[in-house]
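See below for the structure under consideration.
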Amino acid sequence: MQNYTPARFAILLATCATLFFTACSSNEQGKRSENQSSQMYLKKDLQAPVANQQPKELTIHGDTRIDPYYWLNDRDDPEVTAYLEAENDYARNMMSHLAGFEDELYDEIIGRIKQTDLSV
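Counting with the numbering used here, you get residues 16 to 135 for the letters of the sequence shown.
Printed below as a string of structure tokens:
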């Protein structure tokens, strides 16, 4: 039979308390992630925008390749702007259920940074 000293008892009690509180917080995070994933699946009928392919042959240093998305380089083209706006709308829509989590994450990151920097 082992002797349980007060120090051993304190270590055992601290370990049990840590496991208990860890399990409770994990359950809360699990519920939140289940809710977020269920909201994500409700949006599965949204279709992501698909960029048109307009093949362009590019020859550089004697090597030739075909870039089907070269047309996206033209920032002044209204088609490019419309496609990028559609991509942004889709991303905003799909990520909207994570807005609260993004704020929490941002606050946690800021909380871990020393706020003593005056400039870059």
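Glycine is no exception: its CB is placed at the ideal position from the N, C-alpha and C atoms.
Predicted, not measured: the structure shown is a model, and the values here were computed from it.
{"Check": "Quick one: what's got a C-beta closer than 7 Å to Leu27's C-beta in the same chain, skipping five residues either side?", "Outcome": "none"}
{"Check": "Starting from Thr131, trace the alpha helix (DSSP H) both ways and give me its first and last residue.", "Outcome": "Counting along the chain, Thr131 falls outside any alpha helix (DSSP H), and DSSP gives it neither H nor E."}
{"Check": "From Ile124, Pro64, Asn88 and Glu123, pick the residue whose C-alpha is nearest to that of Lys71; which is it?", "Outcome": "Asn88"}
{"Check": "Straight-line CA distance for Gln130 to Tyr121?", "Outcome": "14 Å"}
{"Check": "Compare the C-alpha of Leu73 against each of Pro83, Gln62 and Asp104 and name the closest.", "Outcome": "Pro83"}
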